[in-house]
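J.:
Residue numbers (the working numbering), protein chains in the order written: chain H, 1 to 137; chain Y, 1 to 318.
1. Once the 5 residues before and after residue 183(Y) are set aside, which same chain residues still bring their CB inside 8 Å of it?
2. DSSP beta-bridge partners for residue 194(Y)?
3. Taking all protein chains shown into account, decide if residue 36(H) is buried (16 or more other Cβ within 10 angstroms of its Cβ) or exposed.
4. For a contact meaning CB atoms closer than 7 Å, what does residue 95(H) contact in chain Y?
5. Applying a beta-carbon distance threshold of less than 8 Å, which residues of chain H neighbour residue 125(Y)?
6. Compile a chain-ordered list of the residues in the segment 125 to 156 of chain Y whose CB is closer than 8 Å to at least one CB of chain H.
7. Determine the direct distance from the alpha carbon of residue 158(Y) to that of residue 29(Y), and round the result to whole angstroms.
8. Would a C-beta distance cut-off of 8 Å place residue 150(Y) and residue 307(Y) closer than the cut-off?
9. Just the C-alpha distance for residue 103(Y) and residue 20(H), rounded to the nearest angstrom, thanks.
10. Which residues mark the beginning and the end of the alpha helix (DSSP H) in which residue 139(Y) is found?
11. Give the interface partners of residue 54(H) over in chain Y, defined as CB-CB distance under 8 Å, in chain order.
12. Once the 5 residues before and after residue 68(H) are set aside, which same chain residues still bring their CB inside 7 Å of it?
13. What are the start and end residues of each continuous alpha helix (DSSP H) run of 4 or more residues lying completely inside the segment 9 to 52 of chain H, in chain order?
14. Kindly indicate if chain Y contains any beta-carbon less than 8 Å away from that of residue 38(H).
15. Indicate whether the contact test is met: 3 or more Cβ pairs, each with one atom in the segment 78 to 85 of chain Y and one in the segment 200 to 213 of chain Y, closer than 8 Å.
16. Identify, in the order they occur along the chain, each residue of the same chain with its Cβ nearer than 7 Å to the Cβ of residue 229(Y), setting aside the five sequence neighbours on each side.
17. Quick one: is residue 161(Y) buried, meaning 16 or more other Cβ sit within 10 Å of its Cβ, or exposed?
18. Which value, in whole angstroms, describes the spacing of the CA atoms of residue 43(Y) and residue 33(H)?
19. Do residue 13(H) and residue 88(H) have their C-beta atoms within less than 8 Å of each other?
20. Around the Cβ of residue 170(Y), are there at least 16 other Cβ atoms within 10 angstroms (buried) or fewer (exposed)?
21. Could you compute how far the alpha carbon of residue 312(Y) sits from the alpha carbon of residue 47(H)?
22. What did DSSP end up calling residue 47(Y) once you bin it into helix, strand or coil?
23. Put residue 244(Y) into one of helix, strand or coil per three-state DSSP.
24. With 16 as the cutoff for other CB atoms within 10 Å, does residue 201(Y) come out buried or exposed?
25. State yes or no: is the C-beta of residue 233(Y) within less than 8 Å of the C-beta of residue 198(Y)?
26. Residue 217(Y) and residue 123(Y) - do their beta-carbons sit closer together than 8 Å?
27. At the level of alpha carbons, what is the spacing between residue 85(Y) and residue 120(Y)?
28. For residue 286(Y), is the classification buried or exposed, using 16 other Cβ atoms within 10 angstroms of its Cβ as the cut-off for buried?
29. Considering only their Cβ atoms, is the gap separating residue 117(H) from residue 113(Y) smaller than 8 Å?
30. In chain order, what residues of the same chain have a beta carbon less than 8 Å from the beta carbon of residue 133(H), not counting five sequence neighbours either side?
31. Starting from residue 274(Y), find everything on chain H with Cβ-Cβ shorter than 7 Å and list it in chain order.
32. Measure from the C-beta of residue 114(Y) to each C-beta in chain H and report whether the shortest distance is under 8 Å.
33. Is the Cβ of residue 133(H) closer than 8 Å to any Cβ of chain Y?
34. Evaluate the contact criterion for the segment 275 to 282 of chain Y versus the segment 126 to 138 of chain Y: three or more CB pairs, one atom per stretch, below 8 Å.
35. Please confirm whether residue 69(H) has its beta-carbon closer than 8 Å to some beta-carbon of chain Y.
36. Quick check on residue 172(Y): does DSSP put it in helix, strand or coil?
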């Protein structure tokens, strides 16, 4: 195809990784949600309990409803509510995965500026994901 | 173009109804944010959210806007969820759309990785700051500033006229250092179009502001990315739209993590919204040739203005 001639190797690699990881993400979030709402696995909090409090501010909501947030769910993957939350965490990691893949490609092409920019971008996202700045768990 | 009256009439009534509801119904009729809403079963809200987002997705794609910008003001008006959770879901709606659309645009060479990475790095840092500020502010301040922002967006959409192929006499020094230039195959012109950019430092400054607002309100920022790429930097319109989607995926990822850590993401709200919006967007794309897109775009602007007014009124406690 004519258009593909104008996308370089790094860009095509990013696109391929993005296609796979994002499709997987969509499957995960729908599957996780269905497992949770149909109570196929036990959950700490039922959807009905959440619905009684979802009018509250996030900070107040978490004082009364023990739903997962940040990384506090990692040891409880067998729970339906955690599985659904984990699928969203995965979706939020897709961009990081794609960027991490292209750093070595930029480096191989001796494109030092974009090796640094892509590495810094991954660092920013990892920093956000750790929750250090947002006071996460 | 195959213009059919029925879908256009349907969209007119749908949008007109939403505008009327947003403007004239009291806040308490929909989103009772200070009191629990227990009388309606949770699954009714789930189905309603899915169906609502499905139609929002159709209207958004035909109106030429991202779903995120319509999602936050309208869902926070019609549903009983706190605006913290609506903003968290709004970011994920915009992120999912960007992730799904990103791959083909990159493969075709329409989205430009170097242009996107240069702008996204600085914008993603400010979107983290925006998300933190947005979640720390009192609710009425968020509503007021959201209302003002949404009204501003509707004004930008009403007044801005894009330039399909901007002429750049000389690229600036920074864009030369960053190797930001490109070539893409234009299907309309049936030929390759090469492009370069200017005013890169101004663009970077504007992306700081855009990132901050996207993080603060949980909005996708296509409404701002595209004019900055196109009108300020001089990127061709098609490349601007495609690259904007890529930038959005990076910025919204950064902000989404802040919302995740602050506990402002509930799968019960986010997943039906994402699924409904994605499905609606796909249907909307198929209907694109069958409806009067200009009419729908004007209705979307009216819808945004009404949602902005409503957020302002809520901010004032009216």
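Built from N, CA and C at the ideal position, the CB exists for glycine as well. Here the structure is a predicted model, which means the values were calculated and not measured.
T.: The structure says:
1. A distance below 8 Å between beta-carbons, with the five flanking residues on each side excluded, links residue 183(Y) to the following residues of its chain, in chain order: 109, 192, 193, 194 and 195.
2. BP columns for residue 194(Y) point to 183(Y).
3. With 16 or more Cβ atoms within 10 Å of its Cβ, residue 36(H) is classed as buried.
4. What residue 95(H) touches in chain Y: 249, 250 and 253.
5. The answer, in chain order, is 124.
6. Result list: 125, 128, 131, 132, 135 and 139.
7. Because residue 29(Y) sits at a pLDDT of 44, beneath the cut-off of 50, its placement in the model cannot be relied upon, and the point is left open.
8. Contact: yes.
9. Taking the straight line from one Cα to the other gives about 9 Å.
10. Segment 139 to 159, the alpha helix (DSSP H) holding residue 139(Y).
11. Contact note: residue 54(H) reaches chain Y through 80, 81, 82, 85, 266, 268 and 269, using a C-beta cutoff of 8 Å and chain order.
12. Answer for residue 68(H): 81, 82 and 85, listed in chain order.
13. Runs of the alpha helix (DSSP H) lying entirely within the segment 9 to 52 of chain H, each at least 4 residues long, are 9 to 37 and 47 to 51 in chain order.
14. For residue 38(H), the answer is no, since every Cβ of chain Y falls outside 8 Å of its Cβ.
15. The segment 78 to 85 of chain Y and the segment 200 to 213 of chain Y do not touch, with fewer than 3 CB-CB distances between them shorter than 8 Å.
16. Excluding sequence neighbours, residue 229(Y) sits near 235, 240, 243 and 244.
17. Residue environment analysis places residue 161(Y) among the exposed positions, since fewer than 16 neighbouring C-beta atoms fall within 10 angstroms of its C-beta.
18. Cα to Cα, residue 43(Y) sits roughly 13 Å from residue 33(H).
19. Result no, Cβ atoms of residue 13(H) and residue 88(H) do not sit closer than 8 Å.
20. The residue in question, residue 170(Y), is exposed, as its Cβ has fewer than 16 Cβ neighbours within 10 Å.
21. The straight-line gap separating the alpha-carbon atoms of residue 312(Y) and residue 47(H) is approximately 31 Å.
22. Assigned with DSSP and collapsed to three states, residue 47(Y) falls in helix.
23. In the three-state reduction of the DSSP assignment, residue 244(Y) falls in the helix class.
24. That one is exposed.
25. The Cβ atoms of residue 233(Y) and residue 198(Y) sit closer than 8 Å to each other.
26. Contact flag unset, no.
27. Cα to Cα, residue 85(Y) sits roughly 25 Å from residue 120(Y).
28. It counts as exposed.
29. For residue 113(Y) and residue 117(H), no; Cβs fall outside 8 Å.
30. Answer for residue 133(H): 127, listed in chain order.
31. 29, listed in chain order.
32. Residue contact check for residue 114(Y) against chain H: a CB pair falls below 8 Å.
33. Judged by the 8 Å Cβ criterion, residue 133(H) is in contact with chain Y.
34. No, the segment 275 to 282 of chain Y is not in contact with the segment 126 to 138 of chain Y.
35. Yes, residue 69(H) counts as interfacial toward chain Y.
36. In the three-state scheme derived from DSSP, where H, G and I count as helix and E and B as strand, residue 172(Y) is classed as coil.
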